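**Q**
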Amino acid sequence: MDTDFQRPNSMADLLERYRDRVQPVLNILLESPYFYPQDNDDAFRFLARHKHEFARFFADHFGWELIIDSKCARVYKPLWHNEAITPANRELFNFSKRDECIAFMLLLEFFEHQLEVESITVDDHENLRFKFGELLLYIVQRFHELYPHSKADYAEEAVRARIVRPIMPQLEKHRFLKKIPPPKDEPIGDDDTIYEALPALYHYNVARLSRPVDHIEEASGPVAEAEEDA
Numbered sequence: 011m012d013t014d015f016q017r018p019n020s021m022a023d024l025l026e027r028y029r030d031r032v033q034p035v036l037n038i039l040l041e042s043p044y045f046y047p048q049d050n051d052d053a054f055r056f057l058a059r060h061k062h063e064f065a066r067f068f069a070d071h072f073g074w075e076l077i078i079d080s081k082c083a084r085v086y087k088p089l090w091h092n093e094a095i096t097p098a099n100r101e102l103f104n105f106s107k108r109d110e111c112i113a114f115m116l117l118l119e120f121f122e123h124q125l126e127v128e129s130i131t132v133d134d135h136e137n138l139r140f141k142f143g144e145l146l147l148y149i150v151q152r153f154h155e156l157y158p159h160s161k162a163d164y165a166e167e168a169v170r171a172r173i174v175r176p177i178m179p180q181l182e183k184h185r186f187l188k189k190i191p192p193p194k195d196e197p198i199g200d201d202d203t204i205y206e207a208l209p210a211l212y213h214y215n216v217a218r219l220s221r222p223v224d225h226i227e228e229a230s231g232p233v234a235e236a237e238e239d240a
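Going letter by letter, the sequence shown gives residues 11 to 240 in my numbering.
1) Going by alpha carbons, who is nearest to GLU136 out of TYR86, SER80, ALA58 and ALA165?
2) Locate the alpha helix (DSSP H) running through LEU76, then write down its first and last residues.
3) State the DSSP-derived secondary structure class of ASP30, mapped to helix, strand or coil.
4) Just to confirm my understanding: we take SER20, look at its own chain, exclude 5 residues before and 5 after, and list those with CB closer than 7 angstroms. What are they?
5) Measure the alpha-carbon distance for LEU123 versus ALA83 and round it to whole angstroms.
6) Just to confirm the assignment: which complete beta strand (DSSP E) runs, minimum length 3, are found wholly within the segment 99–159?
7) Measuring only the C-alpha atoms, how far is GLY73 from TYR86?
8) Along the chain, where does the beta strand (DSSP E) that runs through ARG84 open and close?
9) Would LEU211 and PHE121 be called neighbours here (beta carbons separated by less than 8 angstroms)?
10) I'd like the list of long-range same chain contacts for ARG175, defined as Cβ closer than 8 angstroms, with 5 residues on each side in sequence excluded.
11) Ends of the alpha helix (DSSP H) at LYS183?
12) Can you check which of these residues, ASP70, MET115 and GLN33, is closest to LEU181 by C-alpha distance?
13) How big is the Cα-Cα spacing for GLU128 and PHE186?
14) Taking only the alpha-carbon atoms, compute the straight-line gap between CYS111 and THR96 and give it to the nearest angstrom.
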């Protein structure tokens, strides 16, 4: 059989035959928390087609897990080996304040709620979009339900300024949300800013929100990271 038609069975085979395609995939996976098809469709398709070779490479050489579905891919590193770098100095997605951790879980809850309302599934081509004001209102209402005796502490403007606004940059940086620029010459208010919910949100388990919120300690470690299904 002509070797051009034989399926590669190792990363060495892939590199020998498709080095110019393997290297971009490896770099993209390490350059951002999540790799989406729209980042580089050709590279994503190549990764999906050879996911077993890539997965075995990461597992054998680094002890990492390749997680991939039709909408996104990432490399999951379960252990941190350089203990000289303290948790505070590691480039990780996490929130240390209790209310920020809760707000992230409420974002997941809002995401699942909106998917149901709009009949969107992971198989749909378009991602969910929503206005910032819709998310804010949902989070405020849920904080009132969680802390009925502290509604004054969770008034809308307090939640906006103290909790939700501060977490948005991290959610964008780590590719959970994407801010949609408004049309030119059409200024919009804060509440009308549109965000796209990126597929990474599907990888998190909102069911854990049902545990008592008091168990989320103030100034704890990477609580949000621990909620991931992976």
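Ideal placement from N, C-alpha and C gives every residue a C-beta, glycine not left out.
From a predicted model like this one, the values you see are computed outputs, not experimental measurements.
**A** Looking at the coordinates:
1) SER80
2) Premise fails: LEU76 lies in the beta strand (DSSP E), 75–78, not in any alpha helix (DSSP H).
3) helix
4) GLU63
5) Residue identity check: residue 123 is His in the sequence provided, not Leu. Roughly 24 angstroms between the two C-alpha positions.
6) 139–141
7) 9 angstroms
8) 83–86
9) yes
10) none
11) 175–183
12) MET115
13) 19 angstroms
14) 20 angstroms
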